[in-house]
Each structure stands twice: as C-alpha cells, then as structure tokens.
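With the numbering used here applied, the sequence shown covers 6 to 364. Think of the CB as a built atom: it goes at the ideal place given N, C-alpha and C, for glycine as much as any other residue. Since the structure comes first, as structure tokens, the remarks are kept for the end.
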Amino acid sequence: MSIEPELLPDLPAEESGPPAAPSRPLDLVAVRDFLTSRMTVRLAFLAFFLFAVWRLLGFLKWARGEGPYVSRPEAVAGLLPVGHFTSFFAWVKGGGWDALLPAGLVIILGAITLSVLFKRGFCGWICPLGTVWEGAAALGRKLLGGRNVRLPKWLDIAGRSLRYVIAALALAFLTMVSIEEAVGFRSLPYMWVADLKIILGFANPIFVLVFLLTFVVSMLLGPVWCRWLCPLGGWYSTLGLASPCAVHRTKETCISCHKCTNVCHAFVDVERSTRVNAPECDGCMDCVKVCPVDGCLEARAFGRVRIAPWVWPLLVVGLWLALWGGAKATGNWDTSVPDEVFRQVIDSGLLEERTKGGL
6 MSIEPELLPD
16 LPAEESGPPA
26 APSRPLDLVA
36 VRDFLTSRMT
46 VRLAFLAFFL
56 FAVWRLLGFL
66 KWARGEGPYV
76 SRPEAVAGLL
86 PVGHFTSFFA
96 WVKGGGWDAL
106 LPAGLVIILG
116 AITLSVLFKR
126 GFCGWICPLG
136 TVWEGAAALG
146 RKLLGGRNVR
156 LPKWLDIAGR
166 SLRYVIAALA
176 LAFLTMVSIE
186 EAVGFRSLPY
196 MWVADLKIIL
206 GFANPIFVLV
216 FLLTFVVSML
226 LGPVWCRWLC
236 PLGGWYSTLG
246 LASPCAVHRT
256 KETCISCHKC
266 TNVCHAFVDV
276 ERSTRVNAPE
286 CDGCMDCVKV
296 CPVDGCLEAR
306 AFGRVRIAPW
316 VWPLLVVGLW
326 LALWGGAKAT
336 GNWDTSVPDE
346 VFRQVIDSGL
356 LEERTKGGL
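The structure is reproduced here in structure tokens:
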C-alpha cells in the first residue's frame with residue numbers, strides 16, 4: 006500500500022550541530038559559600054589594604070608636588086599597631102580619645118572586640134599581613150602534598166611561647182608609659198608619617214630579604230610570624246580564650262576520622278576537644294565544613310546557639326564594618342591633622358631621617 010506524498014505530515018528540519026545543553030539554575034548555595042569563604046573574605050580585605058597603600062603613596066606624591074591631590078586613606082593606620090596601642094592605653098588611663106589619628110585607635114578596639122567575641126576573628130578573617138603568610142603556607146601545602154611540616158611538639162610550644170613573651174614585654178612597656186607621655190606621643194609629627202616610613206621601608210633590600218626568607222619558611226612550617234612572633238596575635242589569642250563563641254564537638258557522634266585535625270592550619274587537635282579552647286584557633290570554620298557527621302562539629306554561641314559556617318564570617322565582617330561605620334558617622338575615623346600640615350612634615354625631611362630603631 007502506498008502513501009500519498011500529500012498525506013505525510015510536515016516534519017521540522019534537523020538542526021545541525023550538537024544539541025544545546027540544558028540550562029542550569031544558579032546554585033545560590035555555592036555562590037553563598039564562595040562569597041563567605043575565608044580566602045575570598047581575606048583576599049578582599051588584602052586588596053582593599055593594598056588599594057589604601059596605593060592611595061597613601063599618591064598622597065605622598067601630592068605632598069612632594071609630584072602629582073595631583075589624593076586624599077590620605079585612614080585605613081593604613083593598621084601599619085603601626087604598637088604605636089596605636091600606646092594611644093589605646095592613654096585612652097584607658099583617662100587620657101582621652103585620640104582626635105589626631107583616631108583610625109588607629111578604632112582599629113585596635115575593633116580587633117580587641119572581634120577577639121573577645123569570635124576567637125581571634127581579626128587574625129582569622131581580616132588581617133592583611135596574616136593573609137600573606139597564610140597564602141605562603143597554603144602554597145607550601147600544595148607543594149608538600151597536603152600538609153605543612155609539623156615540628157616536634159616541644160619545639161612548637163617553645164616557638165609559640167616566644168610570641169607570648171614578646172607580647173608580655175610589649176604590654177609591660179606600654180603599661181609603664183605615663184599618661185602624659187602616651188598623650189604626647191600622639192602629637193609627635195613622627196607618628197603622623199610613621200605609616201609612610203614603614204611603606205617606604207618595604208623597598209629596603211634587608212626587608213626584602215627578610216620577607217622572602219619568612220615567606221619560604223612559612224611555606225614549610227606554616228605562618229611563622231602569626232604563630233611564633235606576632236605580639237598582637239599573642240594578645241588577641243589570650244583575649245580569645247574568653248570568647249562565648251567557639252567550635253564544639255559532640256563526642257558521642259564523632260567517628261574519629263581525623264579530618265578536622267588534619268585540615269586545621271593552626272595545628273589544633275580538634276578531634277580531642279569538646280570545646281575548642283586552643284588560643285591558636287582563629288575561627289576559620291574549616292574543621293566544621295569538613296566534618297562528615299551532621300551536627301557533630303559546629304560553632305556555637307554560649308554553647309547553645311548554633312552558628313552556621315557561612316554565618317560566622319557575616320558576624321565577624323558585619324561587626325567590623327559596623328564599628329568602622331559608627332566611627333565614620335560620628336567623626337571618630339578621619340584625622341584632624343590638615344593636609345597642609347602633613348605636607349609641611351613631609352617637606353621637613355622627617356621621612357628621610359632614621360631613628361635608633363631603624364625606621
């Protein structure tokens with residue numbers, strides 16, 4: 006039986022080429038986890054800090070008559086933490102607020118607040134210098150097959166103790182400074198350009214050599230500056246012991262897979278802790294994310310209120326930005342030193358002078 010051609014249905018012509026891939030919905034969870042990952046947050050703060058340094062160098066060029074006007078960024082006050090701790094102790098002792106360079110005092114108070122509430126939250130999520138050293142450690146882990154070299158326990162304890170010794174000596178020195186001396190320190194022209202002196206000192210060959218050496222050692226052993234030497238880290242670690250927020254482990258559901266301990270960049274023995282009280286813990290949330298048992302390892306506030314891993318950075322960064330915004334809105338962030346005064350200090354040759362400390 007034949008079929009008449011006019012009775013055949015019209016069929017669509019075949020399209021050439023491979024079939025189109027089905028559209029995939031945007032994975033909002035993946036986007037959320039990426040934006041709240043520690044590396045994303047830390048790199049964002051590092052990029053902002055480098056931008057502030059670039060603007061400060063632009064301000065220096067303007068002051069020297071070598072370029073257009075660029076406003077002086079206040080965020081670079083973090084380059085001189087010990088100097089601003091002097092201002093902090095002056096404030097605590099009743100010497101009043103630092104109206105000349107208030108940003109440094111705000112940064113110190115913010116770092117202290119984060120450490121008390123969120124286990125060295127400043128060190129773990131914000132500090133630009135720490136990002137550099139942890140980046141070196143991460144690079145080392147890739148080259149060494151997944152982990153940095155772990156020193157014998159007694160040697161590591163001795164190294165970590167050095168940080169607390171340095172912190173204690175610095176604290177003892179600061180507490181012995183009188184109110185008059187601390188308040189007077191704020192008004193020293195040298196203090197106003199110390200951040201510039203530090204940045205310009207980065208080009209010193211000795212500094213470059215020390216930086217490269219520290220970077221290589223950090224690749225092998227982890228962030229040696231943060232773990233063994235940084236006095237601020239020693240202070241913030243001590244304050245972090247009082248934090249109401251910490252990682253908790255449920256012993257009954259733990260399967261002893263060792264993943265939490267192995268992933269910890271601070272070498273904390275998480276799998277043996279009920280509450281992670283180790284001063285080295287900076288609240289990175291890596292151990293919580295890697296735990297295969299739901300609810301076995303989680304961050305909690307006051308031991309009761311669960312904090313999801315992606316919520317922790319929102320609390321840390323949100324509080325930091327709120328403190329900055331409050332200081333900015335109330336006039337407690339920007340310097341009261343006029344730009345022309347900065348120009349006069351820079352023109353005076355103070356940047357080229359060297360002190361006994363080498364700056």
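Along the chain, where does the alpha helix (DSSP H) that runs through arginine 348 open and close? Indexing the sequence shown from 1 puts residue 348 at position 343. Where arginine 348 is concerned, the enclosing alpha helix (DSSP H) stretches over 344–352.
On the DSSP letters alone, give me the boundaries of the beta strand (DSSP E) that valine 252 sits inside. For the purposes of this step, residue 252 is taken as residue 247 along the sequence shown, with counting starting at 1. Per DSSP, valine 252 is one residue of the beta strand (DSSP E) stretching across 250–254.
Which of helix, strand or coil does DSSP assign to leucine 33? Numbered from 1 along the sequence shown, position 28 holds the residue referred to as residue 33. Leucine 33 falls in the helix class under three-state DSSP.
Take valine 75 as the anchor and find which of Trp317, Trp329 and Leu65 has the nearest alpha-carbon. Taking the first residue of the sequence shown as position 1, residue 75 is located at position 70. Minimum Cα distance to valine 75 is reached at Leu65.
Roughly how many whole angstroms lie between the Cα atoms of alanine 332 and valine 87? Position 327 of the sequence shown, counted from the first residue, corresponds to residue 332. Position 82 of the sequence shown, counted from the first residue, corresponds to residue 87. A straight-line Cα-Cα distance of about 20 Å links alanine 332 and valine 87.
How many whole angstroms separate the CB atoms of arginine 254 and valine 275, which I take to be in contact at a CB cut-off of 8 Å? By one-based count along the sequence shown, residue 254 stands at place 249. By one-based count along the sequence shown, residue 275 stands at place 270. The Cβ separation is near 7 Å, so the contact holds.
On the premise that serine 223 lies in contact with alanine 283, defined as a C-beta separation below 8 Å, what is that separation, rounded to the nearest angstrom? Residue 283 sits at position 278 when you count from the first residue of the sequence shown. Residue 223 sits at position 218 when you count from the first residue of the sequence shown. Going by Cβ atoms, the distance from alanine 283 to serine 223 rounds to 20 Å, so no, they are not a contact pair.
With glutamate 303 as the anchor, note down where its beta strand (DSSP E) starts and where it stops. Mapped onto the sequence shown, residue 303 falls at position 298. Unbroken beta strand (DSSP E) run through glutamate 303: 302–306.
List, from N- to C-terminal side, the alpha helix (DSSP H) runs of 4 residues or more that fit wholly inside the stretch 191–238. As for any alpha helix (DSSP H) of minimum length 4 sitting wholly inside the stretch 191–238, the runs are 194–197, 199–206 and 210–226, ordered along the chain.
Taking the alpha-carbon positions, what's the leucine 320 to cysteine 289 distance? Numbered from 1 along the sequence shown, position 315 holds the residue referred to as residue 320. Numbered from 1 along the sequence shown, position 284 holds the residue referred to as residue 289. One C-alpha to the other measures close to 13 Å.
Cysteine 259 versus glycine 145 - alpha carbon distance: By 1-based counting over the sequence shown, the position of residue 259 is 254. By 1-based counting over the sequence shown, the position of residue 145 is 140. If I take the Cα positions, the gap works out to 30 Å.
Top-ranked residue by Cα proximity to valine 268, from Lys294, Trp317, Asp352 and Val322: One-based indexing of the sequence shown puts residue 268 at position 263. With distances taken between Cα atoms, valine 268 lies closest to Lys294.
Return no unless some Cβ of chain C is closer than 9 Å to the Cβ of arginine 37. No chain C is present in this structure, which holds just one protein chain.
To the nearest angstrom, how far is the alpha carbon of alanine 313 from that of valine 58? As a working note, residue 313 is residue 308 in the sequence shown. As a working note, residue 58 is residue 53 in the sequence shown. One C-alpha to the other measures close to 34 Å.
Leaving out five residues on either side along the sequence, give the residues of the same chain with a beta carbon under 8 Å from the beta carbon of tryptophan 338. The residue given as residue 338 occupies position 333 in the sequence shown. So the list reads Glu79, Pro107, Ala108, Val111, Trp329 and Ala332, once near-sequence residues are dropped.
Per-residue DSSP class, three states only, for arginine 168: By 1-based counting over the sequence shown, the position of residue 168 is 163. Three-state DSSP puts arginine 168 in a helix.
Quick one: give me the first and last residue of the alpha helix (DSSP H) that arginine 43 is part of. Stepping through the sequence shown from its first residue, residue 43 is reached at position 38. Unbroken alpha helix (DSSP H) run through arginine 43: 43–68.
Can you round the beta-carbon distance between cysteine 296 and lysine 264 to whole angstroms, since I take them to be within the 8 Å contact cut? Within the sequence shown, numbered from 1, the residue matching residue 296 stands at position 291. Within the sequence shown, numbered from 1, the residue matching residue 264 stands at position 259. That pair is a contact at about 7 Å.
Using DSSP bridges, identify the partner residues of arginine 311. Taking the sequence shown and counting its residues from 1, one reaches residue 311 at position 306. Arginine 311 pairs with Arg305.
Kindly list the residues whose CB is nearer than 6 Å to the CB of alanine 104, restricted to its own chain and excluding five residues on each side of it in sequence; keep chain order. Counting from 1 along the sequence shown, the entry for residue 104 is found at position 99. So the list reads Ser341, once near-sequence residues are dropped.
Span separating the alpha-carbon of lysine 158 from that of valine 350: For this step, residue 158 is matched to residue 153 along the sequence shown. For this step, residue 350 is matched to residue 345 along the sequence shown. Roughly 50 Å between the two C-alpha positions.
Give the range of the alpha helix (DSSP H) segment to which serine 92 is assigned. Taking the first residue of the sequence shown as 1, we reach residue 92 at position 87. Element bounds for serine 92: 86–97.
Smallest Cα separation from valine 221: which of Val198, Arg77 and Val154? As a working note, residue 221 is residue 216 in the sequence shown. The residue with the shortest Cα to Cα distance from valine 221 is Val154.
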